[in-house]
Amino acid sequence: MNQAILSSIGTTKALPASDVVLFDGQCNFCRRQTDHLRRFDGKNRLRFVSLHDPCVAVDYPDLTHEMLMEQMWVVAPDGRRFGGADALRYLSRRLPLLWPIAPILHLPFSMPVWRWLYRQIAKRRYRIAGKNCDEGGTCSLHR
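With the first letter of the sequence shown counted as 1, position 127 gets the number 129 in my numbering; the numbers rise by one all the way through.
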């Protein structure tokens, strides 16, 4: 999400009724994946906020920094939270361009496998694509 827009409203809860995707804005891999989700979201159903944005801690105190660093989270308009593979599964029902993968993600008894696979990728995300930091070690917070 555009930082200027978020700064002007000061909170993710002031956003229209939409799913809020909380992701690691310092992670190049994560940013690329959210870019894909933006393209898949033809009706602007999703709002993207870096977990490093100060409003996240205020608006979602139940999601600790450690939890947010472990996996992407989606907060539905009704307040339900979905993390990691469960978030991807939820989004596969919300975004028509992800409908082709929805049946695979919804196979009976498959969630433990998807959660394990998601955790393996999430743990290695900085090794896969690096971190978005400048030469002084200061990382970009928003995308």
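Positions of the beta carbon are idealized from the N, C-alpha and C atoms, including for glycine.
Under the three-state reduction of DSSP, Ser52 is assigned to strand. Its Cα nearest to that of Arg121, the residue Met71 stands out among Arg41, Arg33 and Met71. By DSSP's assignment, Cys32 forms no beta bridge with any residue.
Secondary-structure assignment with DSSP links Gly85 through a beta bridge to Trp75. In this chain, the beta strand (DSSP E) harbouring Leu24 covers Asp21 to Phe25.
For Lys45, no alpha helix (DSSP H) run applies, since DSSP gives it neither H nor E.
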